[in-house]
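Shown next, in structure tokens, is the structure this report addresses.
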Amino acid sequence: MMGAPLVTAADVGRRAGTSVAVVIYVMNDGPRPVAAETRDRVLRAARELGYRPNRLAGSLRTRRSGFIGLVVPNTANPYFGALARAIERAADEAGLLTFVANASLSNARERASIGAFLDARVDGLLIIDVGEPLDSSALKTVTVPLVWVHHRAAGAPGPLIHFDDRATAREATAHLLQHGHRRVHCLTGPIDAGPVADRLQGWRDALLDAGIKPNDSWILRSDYTPFAARETVADALAKDQMSSLVAFTDVHAFGVLRAAADRNRRVPDDLAIATCDGTPETEYSVPTLTTVTKPIEALAARAIAAWQAAQLSPDDASDETVGPITLERRQSCGC
């Protein structure tokens, strides 16, 4: 069964009593002005006929596609998922459509996604980089505006829009110290790179500020999954009478809660917990998780604004730290 015939700009022009060129000027908002009454007739005819402009054909004329590519480290991670959704909303408000690629925490997939977006002639790239070492040499020849969110690969071009990760972990750790804990453990990723490296430094800062020498045996490591965090912390609880822990990511924190239950440790009585991402899911755990929240919508808006600024003047693009961060006191810390 054949579908309905495709409505063209010529059809809209005939209905509105105008030329095809005028229809194109109205739909593209230029390059030539159109009288208000004529514009209304064209828009009314387009609605009546169900006309949808050919975006690809328009991009060939203007050399702009209206699409941007967004690379996300792991869409299953609540923090990155929330950030990606916020960027999509900000892009939509700016009249842009977003293609999203999931790198699945793989540098190879991240590079492949960037290459695919460039081949598709997107107008720009936004990369939420997780912080694993990345060969950024190929990015130095990218000719579209490039903005990094959360972290920037070493030596890569383009501005970085991010939160203060060092201050985030310092705030969470200091809060547990205020509860009287002296041995505050932390749970971080497999290697010290990117934002988690900054959070590790923030953890050290808070301990030193309290006159406590950081002990490397208090640093626990796992992959970025609740399962891995559960295994790591359950083993540590079996060997060590830790009383408090800062999880550097919320997916880690969810695993910590399960590990505490596995070892019959009550939270917060036996194990006080604070976490650093501030995703909405932390409010629905049992007990609810004390966390450092961040203005994700503001970060997304600034990332799109940085991309727009880079279009106009790439050399003037600059890094920006977005704030404020806020400690959300809930049940897991003992508040």
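When you line the sequence shown up against this note's numbering, it's residues 3 to 337, in that order.
Positions of the beta carbon are idealized from the N, C-alpha and C atoms, including for glycine.
*Please report how far the alpha carbon of Arg201 lies from the alpha carbon of Gln243, in whole angstroms.*
23 angstroms
*C-beta contact flag for Ser320 and Pro161 at 9 angstroms*: yes
*Compare the Cα-Cα distances from Leu8 to each of Ala38, Leu51, Gly133 and Gly325 and report the closest residue.*
Leu51
*Out of Arg54, Gly19 and Tyr53, point me to the one whose CA is closest to Glu39's CA.*
Gly19
_Counterpart residues of Ile130 in DSSP-defined beta bridges_ = Val151
*Among Asp131, Tyr53 and Phe101, nearest to Ser108 - alpha-carbon criterion*: Asp131
*On the premise that Tyr286 lies in contact with Asn79, defined as a C-beta separation below 8 angstroms, what is that separation, rounded to the nearest angstrom?*
Actually they do not touch by this definition, with Cβ atoms about 16 angstroms apart.
*What separation, rounded to the nearest whole angstrom, lies between the Cα atoms of Leu306 and Ala93?*
First, the amino acid is wrong: residue 306 is Ile here, not Leu. Cα to Cα, Ile306 sits roughly 6 angstroms from Ala93.
*To the nearest angstrom, report how far apart Glu258 and Thr328 are at their CA atoms.*
Reading off the sequence shown, one finds Val at residue 258, where the question assumed Glu. C-alpha separation (whole angstroms): 22 angstroms.
*Can you tell me whether DSSP reads Ile221 as helix, strand or coil?*
strand
*asked:* Measuring only the C-alpha atoms, how far is Thr64 from Ser115?
replied: Because the pLDDT of Thr64 is 46, which lies under 50, any placement of that residue in the model is unreliable, and the number read from its coordinates should be weighed accordingly. Their Cα atoms are separated by approximately 24 angstroms.
_Helix, strand or coil at Ala240 according to DSSP, with G and I counted as helix_ = helix
*In the DSSP assignment, what residue or residues form a beta bridge with Ser246?*
Val186 and Ala274
*Measure the beta-carbon distance from Val124 to Gly71 and round it to whole angstroms, keeping in mind my assumption that it falls under 8 angstroms.*
4 angstroms
*asked:* Closer than 8 angstroms is the cut-off here; do at least three beta carbon pairs connect the segment 140-160 with the segment 206-222?
replied: no
*Where DSSP assigns a beta bridge to Ala103, which residues make up the other side?*
Val73
_Please return the same chain residues whose Cβ sits closer than 6 angstroms to the Cβ of Phe250, not counting the five positions on each side in sequence._
Thr190, Val198, Arg201 and Cys278
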